[in-house]
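Position in the sequence shown (first residue = 1) + 169 = the numbering used here.
Using N, Cα and C, we set each Cβ at its ideal position, and we do this for glycine too.
Remember, it's a predicted structure, so these values are computed and weren't measured experimentally.
First up is the structure itself, then whatever we jot down about it.
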Amino acid sequence: MRDDSGWLSMQSPKPTRHILSLSGGKDSTALAIYLRDRVPEMEYVFMDTGEELPETYEYIEKLEAYLGKPIVRLNPERPFHHWLLVYRGVLPDPRNRWCTRKLKIEPFERYVGDDLCYNYVGIRSDEAQRKGYISTKPNIIPRYPFVDDGVTKEDVLRILEESGLGLPEYYRWRSRSGCYFCFFQQKIEWIGLHESHPRLFEKAAGFEKYDPVTGARFTWSEGEPLSALLDDERRREIRHNAAKRTALHKTARTKLWDIFADEDDQEGCLVCHL
Numbered sequence: 170m171r172d173d174s175g176w177l178s179m180q181s182p183k184p185t186r187h188i189l190s191l192s193g194g195k196d197s198t199a200l201a202i203y204l205r206d207r208v209p210e211m212e213y214v215f216m217d218t219g220e221e222l223p224e225t226y227e228y229i230e231k232l233e234a235y236l237g238k239p240i241v242r243l244n245p246e247r248p249f250h251h252w253l254l255v256y257r258g259v260l261p262d263p264r265n266r267w268c269t270r271k272l273k274i275e276p277f278e279r280y281v282g283d284d285l286c287y288n289y290v291g292i293r294s295d296e297a298q299r300k301g302y303i304s305t306k307p308n309i310i311p312r313y314p315f316v317d318d319g320v321t322k323e324d325v326l327r328i329l330e331e332s333g334l335g336l337p338e339y340y341r342w343r344s345r346s347g348c349y350f351c352f353f354q355q356k357i358e359w360i361g362l363h364e365s366h367p368r369l370f371e372k373a374a375g376f377e378k379y380d381p382v383t384g385a386r387f388t389w390s391e392g393e394p395l396s397a398l399l400d401d402e403r404r405r406e407i408r409h410n411a412a413k414r415t416a417l418h419k420t421a422r423t424k425l426w427d428i429f430a431d432e433d434d435q436e437g438c439l440v441c442h443l
């Protein structure tokens with residue numbers, strides 16, 4: 170792994186910290202396993218928004234047992250519904266990801282403080298073009314071991330399988346980690362949320378708003394409220410489209426997250442979805 174930061178030439182009263190941010194997803198989990206014995210001084214943190222899936226919490230606990238070290242849970246100073254009021258009911262979306270900033274990045278930056286640290290990011294070598302590092306503070310230096318060492322998606326899957334952890338259970342119906350109401354979910358995944366966690370689906374739907382005065386509508390799924398996805402005809406249409414994509418992409422090695430390509434698919438926030 171490269172060591173090319175000018176910050177390391179500075180004199181610091183404290184030793185450089187090594188921190189790995191976990192999302193509860195496959196890549197950051199595989200990276201923690203990969204580095205467990207390589208970087209024994211590693212600190213593991215999980216930015217707990219309080220709005221995660223039950224499967225995510227279970228997976229983090231399993232990883233903690235495997236690592237044999239505590240995973241520090243970092244919580245935001247204020248919960249999601251507080252910030253939703255601050256933002257006047259405007260839900261976060263791909264253009265205004267205030268949830269990532271308030272619930273994930275700021276708690277992490279408070280935890281690091283002004284210490285010089287390496288933050289290990291689970292971007293793989295087969296997706297090295299991904300951008301969007303979670304912090305711009307100069308004392309927080311990103312490192313990409315998978316990129317440096319040529320680790321691909323197939324390697325990640327092998328690491329998880331050999332560790333005995335496997336994939337998180339939510340991969341049965343969802344393509345990536347994140348809060349249960351994540352706006353990067355695709356329509357078939359929202360249906361999966363409804364079937365797996367109907368109460369969380371209803372809670373997410375309760376955050377949606379319509380202003381009859383201005384005509385503004387704040388919805389998680391662009392173009393329609395969550396309630397519309399449960400209409401029998403609409404649900405059949407979504408399932409049909411998902412089945413067509415499955416047939417299109419199906420190969421012997423196709424995985425769930427390869428199948429969920431859709432017209433509203435966009436690159437997620439690194440701190441949430443690795």
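Going by DSSP, name the residue or residues bridged to residue i.
i: cysteine 116; result: This structure leaves residue 116 out entirely; the chain is present only between 170 and 443.
i: phenylalanine 387; result: Lys378
i: cysteine 348; result: Glu221
i: aspartate 262; result: Asn265
i: arginine 242; result: Phe215
i: leucine 191; result: Phe215
Buried or exposed for residue i, please, with buried defined as at least 16 other CB atoms from any protein chain shown within 10 angstroms of its CB.
i: arginine 312; result: buried
i: arginine 343; result: buried
i: arginine 264; result: exposed
i: histidine 409; result: exposed
i: asparagine 288; result: buried
i: glutamate 212; result: buried
i: glycine 347; result: buried
i: alanine 201; result: buried
i: valine 290; result: buried
i: lysine 413; result: exposed
i: alanine 199; result: buried
i: glutamate 210; result: exposed
i: histidine 363; result: buried
i: proline 245; result: buried
i: valine 214; result: buried
i: arginine 341; result: exposed
i: threonine 225; result: buried
i: leucine 157; result: Examination of residue 157 is not possible in this model, given that the chain is present from 170 through 443 alone.
i: threonine 218; result: buried
i: isoleucine 188; result: buried
i: glutamate 331; result: exposed
i: glutamate 406; result: exposed
i: leucine 417; result: exposed
i: arginine 345; result: buried
i: glutamate 220; result: buried
Skipping 5 residues on each side, what residues in its chain have a beta carbon closer than 7 Å to that of residue i?
i: tryptophan 389; result: Leu260, Phe350, Phe352, Ala373, Glu377, Leu395
i: leucine 326; result: none
i: arginine 134; result: Given that the chain is displayed from residue 170 to residue 443, the structure contains no residue 134 and the question cannot be resolved.
i: leucine 336; result: Lys195, Leu329
i: aspartate 324; result: none
i: serine 294; result: Phe315, Val316, Gly319, Val320, Thr321
i: aspartate 284; result: Lys183, Arg186, Asn308
i: glutamate 256; result: As written in the sequence, residue 256 is tyrosine, which differs from the glutamate given in the question. Answer for tyrosine 256: Trp267, listed in chain order.
i: valine 208; result: His187
Spatial neighbours of residue i within its chain, please: C-beta separation below 8 Å, excluding the five flanking residues on both sides.
i: valine 440; result: Ser190, Ser192, Met216, Thr269, Lys273, Ile274, Phe277, Ile303
i: aspartate 262; result: Phe352, Glu391
i: arginine 404; result: Ile360, Leu398
i: lysine 306; result: Glu278, Val281
Considering only residues of the same chain and omitting the five flanking positions on each side of residue i, which have a CB-CB separation below 6 Å?
i: alanine 411; result: Ile357
i: tryptophan 252; result: Lys271
i: leucine 443; result: Ser192, Gly194, Asp196, Ser197, Gly291
i: phenylalanine 370; result: Leu362, His363
i: tyrosine 228; result: Gly193, Pro337
What distance in whole Å lies between the Cβ atoms of residue j and residue i, which are believed to be in contact at a cut-off of 8 Å?
i: alanine 297; j: valine 320; result: Actually they do not touch by this definition, with Cβ atoms about 11 Å apart.
i: leucine 232; j: leucine 334; result: 6 Å
Could you check whether the Cβ of residue i sits closer than 7 Å to any heavy atom belonging to the ligand PLP?
i: alanine 397; result: The ligand PLP is not among the ligands present in this structure, which contains no ligands whatsoever.
Entirely enclosed alpha helix (DSSP H) segments - the segment 193 to 228, minimum 4 residues: 195 to 204
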